[in-house]
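The next block holds one structure in the form of structure tokens; read it before the comments.
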Amino acid sequence: MTTTAALTPPARLPSTVELERRAFRRRQTGRSVLLGFASTLVFAVLVWMFVVNTPGWTQVQQTFFDPAVALKAWPRVFDGLLLNIRVLLFSAVGVLIVSLLIATLRTLRGPVFFPLRALATGYTDLFRGMPLIIVLYLVGFGLPGLDVFPKVPSAVWGTVALILTYSAYVAEVWRAGIEAVHPSQVLAARSLGLSHGKTMVKIVLPQALRKVTPALMNDFVAMQKDVGLISILGAVDAVRAAQIETAATFNFTPYVLAGLLFVLLALPMIRLTDWVTARMRRREQIGGVV
Amino acid sequence: MSGSPAAVPVLRLEGVYKSFQQTDVLRGIDLTVNEHEVVALIGASGSGKSTLLRVINLLERVDDGRVWLQGEDISDPRTKIDAVRARIGVVFQHYNLFPHLSVLDNVTLASRSVHGIPRRAAEKRALELLDAIGLADKARDYPDRLSGGQQQRAAIVRAIATDPELLLLDEVTSALDPELVGEVLDLVRQLKKTGTTIVMATHEMSFARDVADRVAFLDQGSVLELGTPAEVFGSPREERTREFLARIPR
Chain A
340 MTTTAALTPP ARLPSTVELE RRAFRRRQTG RSVLLGFAST LVFAVLVWMF
390 VVNTPGWTQV QQTFFDPAVA LKAWPRVFDG LLLNIRVLLF SAVGVLIVSL
440 LIATLRTLRG PVFFPLRALA TGYTDLFRGM PLIIVLYLVG FGLPGLDVFP
490 KVPSAVWGTV ALILTYSAYV AEVWRAGIEA VHPSQVLAAR SLGLSHGKTM
540 VKIVLPQALR KVTPALMNDF VAMQKDVGLI SILGAVDAVR AAQIETAATF
590 NFTPYVLAGL LFVLLALPMI RLTDWVTARM RRREQIGGVV
Chain F
0 MSGSPAAVPV LRLEGVYKSF QQTDVLRGID LTVNEHEVVA LIGASGSGKS
50 TLLRVINLLE RVDDGRVWLQ GEDISDPRTK IDAVRARIGV VFQHYNLFPH
100 LSVLDNVTLA SRSVHGIPRR AAEKRALELL DAIGLADKAR DYPDRLSGGQ
150 QQRAAIVRAI ATDPELLLLD EVTSALDPEL VGEVLDLVRQ LKKTGTTIVM
200 ATHEMSFARD VADRVAFLDQ GSVLELGTPA EVFGSPREER TREFLARIPR
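Protein chains in written order, with this note's numbering: chain A, 340 to 629; chain F, 0 to 249.
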């Protein structure tokens with residue numbers, strides 16, 4: 340490349356044709372930006388006009404969007420959200436470990452491993468089919484009822500239920516990723532003398548991870564809001580706190596507040612997912628305008 | 000553009016520049032391709048052959064210079080890009096057949112969805128073309144069931160099924176086993192006989208010498224030498240052309 344650099348004239352001025360083309364493209368871009376802005380504005384105004392002019396709007400506004408109520412509910416709902424975040428972090432780590440384990444079990448070959456394989460398959464079948472709420476009830480009220488576990492807060496049981504359910508989904512995502520790695524990669528690794536385990540850890544899983552990152556992050560975003568369901572076990576999270584506030588005032592604004600907080604919680608992850616996906620697409624595709 | 004309509008070349012490039020990040024891939028390409036002419040692009044890897052073909056098909060936007068197809072400036076941003084591409088056939092190094100479609104559907108896809116030809120007529124024409132190259136019995140098969148040579152011939156048929164004004168071949172034999180190269184090259188020879196206008200990037204020097212009307216030697220993004228195969232291969236004027244040809248087993 341040094342030779343080409345030396346041969347290149349310091350700066351080649353674009354031709355008049357090219358300058359005209361660039362000017363045209365700039366005008367086009369300017370026009371489409373303007374058009375996009377205008378259409379967004381018109382759309383927003385239309386929606387707003389419609390909502391505000393519905394017969395029940397004043398009623399709904401008072402019941403769902405009362406700033407005073409929101410302000411009063413804020414401390415309690417926010418405390419609840421902190422619990423949600425804690426449960427989320429523990430669940431995420433737990434899901435990562437359990438799901439990887441299940442996925443690896445499902446890929447084991449050989450008749451010796453049949454029971455493990457069957458167990459893993461049964462697990463994913465069961466927990467992908469079972470509604471999360473029912474898992475929450477079974478784990479949250481059933482397991483403590485056995486009187487063999489130490490007394491722990493219901494949020495802990497909620498975390499366990501979330502890990503059980505989400506691990507089943509995420510294990511399938513991992514498995515899809517593992518199976519999407521081309522067989523020639525395993526062949527090449529085994530030809531070097533790597534064991535099945537080392538092939539998985541050093542060759543297959545890193546490539547699988549790249550393929551499934553967007554799907555994993557999507558599942559994380561989904562889990563972020565399902566964390567709110569632990570409220571049905573009595574844990575005072577953001578949703579439960581909102582419920583308590585609502586019961587006191589007969590105003591639903593605390594729910595809206597909690598909902599907005601969940602959206603804010605999810606936003607960074609959603610943006611990050613978009614960014615990672617876009618970056619991977621750029622890296623895997625050569626240039627071109629198609 | 001001057002001259003009578005008959006003299007309008009199928010393709011004309013003038014001062015085409017293209018760079019990716021810091022790398023200048025094309026540095027002032029001038030090239031004219033007339034009707035029924037076969038032009039071979041030769042040169043080392045990275046000399047810009049593939050990029051040039053992509054520029055012609057508007058898969059890459061030029062940084063400067065102009066490209067005319069039948070006298071129409073297709074490098075103009077007002078150009079309807081899809082309409083231009085519908086007039087140009089492309090065959091890729093790795094065939095790029097659609098694995099979820101049968102060979103017949105691969106061949107008829109553009110006729111049906113871009114040119115609006117009814118399925119029955121499109122399939123009749125496709126079967127004629129496939130029959131001519133001995134692939135009629137594979138029409139209902141899926142591409143992965145075919146050998147590399149068969150896939151590439153199917154890909155060529157896909158590209159010519161819409162009677163394009165210009166056919167671009169991007170190293171169409173580079174991914175093939177040596178014993179399969181012949182059948183693909185024979186098909187290209189047949190296309191030349193029927194008068195198809197072709198621009199092809201190739202590493203097959205004997206083939207370029209045999210089939211091409213003119214050969215362009217690309218070096219560091221510019222056409223260093225352009226002439227008949229006899230001129231370029233027989234008595235190259237440029238030192239770099241001689242070096243390149245000496246390195247290539249013939």
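Built from N, CA and C at the ideal position, the CB exists for glycine as well.
Quiz item: Checking contacts by CB at 7 angstroms: is residue 353 of chain A closer than that to chain F?
Solution: The residue given as residue 353 of chain A occupies position 14 in the first sequence. With 7 angstroms as the cut-off, residue 353 of chain A counts as an interface residue toward chain F.
Practice problem: Flag residue 65 of chain F as yes if its beta-carbon sits less than 7 angstroms from any beta-carbon of chain C, otherwise no. | Solution: No chain C is part of this structure, whose protein chains are labelled A and F.
Quiz item: Is residue 126 of chain F near the ligand NAD, going by C-beta to nearest heavy atom under 6 angstroms?
Solution: The ligand NAD is not part of this structure, which contains no ligands at all.
Quiz item: When DSSP builds the beta bridges, which residues end up paired with residue 18 of chain F?
Solution: Reading the second sequence from its first residue, position 19 is the one you call residue 18 of chain F. For residue 18 of chain F, which the question treats as bridged, DSSP gives the partners F:23.
Quiz item: Pairing CB atoms from the segment 484-503 of chain A with CB atoms from the segment 565-575 of chain A, are three or more of them under 8 angstroms?
Solution: yes
Exercise. Leaving aside the five residues before and after residue 14 of chain F along the sequence, list all residues of the same chain whose C-beta is less than 6 angstroms from its C-beta, in chain order.
Key: Locating residue 14 of chain F in the second sequence gives position 15, counting from the first residue. Only 27, 64 meet the Cβ criterion.
Quiz prompt | residue 240 of chain F (DSSP reduced to helix, strand or coil) | solution = Taking the second sequence and counting its residues from 1, one reaches residue 240 of chain F at position 241. Looking at residue 240 of chain F - three-state DSSP - the assignment turns out to be helix.
Quiz item: Could you give the distance in angstroms between the alpha-carbon of residue 143 of chain F and the alpha-carbon of residue 193 of chain F?
Solution: As a position in the second sequence, residue 143 of chain F is number 144, starting the count at 1. As a position in the second sequence, residue 193 of chain F is number 194, starting the count at 1. Their backbone Cα atoms lie some 29 angstroms apart in a straight line.
Quiz item: Can the beta-carbon of residue 570 of chain A be found closer than 7 angstroms to that of residue 510 of chain A?
Solution: Working through the first sequence from its first residue, we reach residue 570 of chain A at position 231. Working through the first sequence from its first residue, we reach residue 510 of chain A at position 171. No, the pair does not count as a contact, with Cβ atoms beyond the cut-off.
Exercise. Can you check the segment 393-437 of chain A for any alpha helix (DSSP H) of at least 4 residues that lies completely inside it and give the ranges in chain order?
Key: 396-403
Quiz item: Are residue 572 of chain A and residue 493 of chain A close, meaning C-beta to C-beta below 7 angstroms?
Solution: Counting from one through the first sequence, the residue named residue 572 of chain A turns up at place 233. Counting from one through the first sequence, the residue named residue 493 of chain A turns up at place 154. In this structure, residue 493 of chain A lies closer than 7 angstroms to residue 572 of chain A by Cβ.
Quiz item: Straight-line CA distance for residue 617 of chain A to residue 480 of chain A?
Solution: The residue given as residue 617 of chain A occupies position 278 in the first sequence. The residue given as residue 480 of chain A occupies position 141 in the first sequence. The C-alpha of residue 617 of chain A lies about 43 angstroms from the C-alpha of residue 480 of chain A.
Exercise. Could you tell me the distance, in whole angstroms, from the CA atom of residue 222 of chain F to the CA atom of residue 526 of chain A?
Key: Sequence index remark: in the second sequence, residue 222 of chain F carries index 223 (1-based). Sequence index remark: in the first sequence, residue 526 of chain A carries index 187 (1-based). For residue 222 of chain F and residue 526 of chain A, the distance between alpha carbons rounds to 43 angstroms.
Quiz prompt | Rounded separation between residue 553 of chain A and residue 612 of chain A - CA only | solution = Counting from 1 along the first sequence, the entry for residue 553 of chain A is found at position 214. Counting from 1 along the first sequence, the entry for residue 612 of chain A is found at position 273. So the alpha carbons of these two residues sit roughly 6 angstroms apart.
Quiz item: Near residue 76 of chain F, what residues of its chain come up, given a Cβ to Cβ distance below 6 angstroms and the 5 sequence neighbours on each side ignored?
Solution: Here residue 76 of chain F refers to the residue found at position 77 when the second sequence is read from its first residue. Its chain contains no residue whose beta carbon lies nearer than 6 angstroms to that of residue 76 of chain F once the 5 sequence neighbours on both sides are disregarded.
Quiz item: What separation, rounded to the nearest whole angstrom, lies between the Cα atoms of residue 407 of chain A and residue 468 of chain A?
Solution: The residue labelled residue 407 of chain A in the question sits at position 68 within the first sequence. The residue labelled residue 468 of chain A in the question sits at position 129 within the first sequence. Spanning the alpha carbons of residue 407 of chain A and residue 468 of chain A requires a straight line of approximately 43 angstroms.
Quiz item: Once you ignore the five residues that flank residue 155 of chain F on each side, which residues in its own chain have a CB closer than 6 angstroms to its CB?
Solution: Working through the second sequence from its first residue, we reach residue 155 of chain F at position 156. Once the five neighbours on either side are set aside, the close Cβ partners of residue 155 of chain F are 90, 186.
Quiz item: In whole angstroms, what is the alpha-carbon distance linking residue 236 of chain F and residue 48 of chain F?
Solution: Taking the first residue of the second sequence as 1, we reach residue 236 of chain F at position 237. Taking the first residue of the second sequence as 1, we reach residue 48 of chain F at position 49. Near 20 angstroms, if we compare the C-alpha coordinates of residue 48 of chain F and residue 236 of chain F.
Quiz item: Residues in the segment 353-377 of chain A with C-beta within 8 angstroms of chain F's C-beta atoms, listed in sequence order?
Solution: 353, 354, 356, 357, 360, 363, 364, 367
Exercise. Out of A:458, A:483, A:420, A:463, point me to the one whose CA is closest to residue 576 of chain A's CA.
Key: Residue numbering aside, residue 576 of chain A sits at position 237 when the first sequence is read from its first letter. Looking at the Cα atoms, A:420 is the closest of the given residues.
Exercise. Could you check how far apart the C-beta atoms of residue 129 of chain F and residue 121 of chain F are, in whole angstroms? I think they sit under 8 angstroms.
Key: Taking the first residue of the second sequence as 1, we reach residue 129 of chain F at position 130. Taking the first residue of the second sequence as 1, we reach residue 121 of chain F at position 122. Actually they are not in contact, since the Cβ atoms of residue 129 of chain F and residue 121 of chain F sit about 12 angstroms apart, beyond 8 angstroms.
Quiz prompt | Segment contact flag, the segment 381-394 of chain A with the segment 93-101 of chain F, C-beta cutoff 8 angstroms, min 3 pairs | solution = Counting Cβ pairs under 8 angstroms, fewer than three are found: no touch.
Exercise. Using a threshold of 7 angstroms, state whether the C-beta atoms of residue 520 of chain A and residue 551 of chain A are closer than that.
Key: As a working note, residue 520 of chain A is residue 181 in the first sequence. As a working note, residue 551 of chain A is residue 212 in the first sequence. No, these two residues do not count as a Cβ contact at 7 angstroms.
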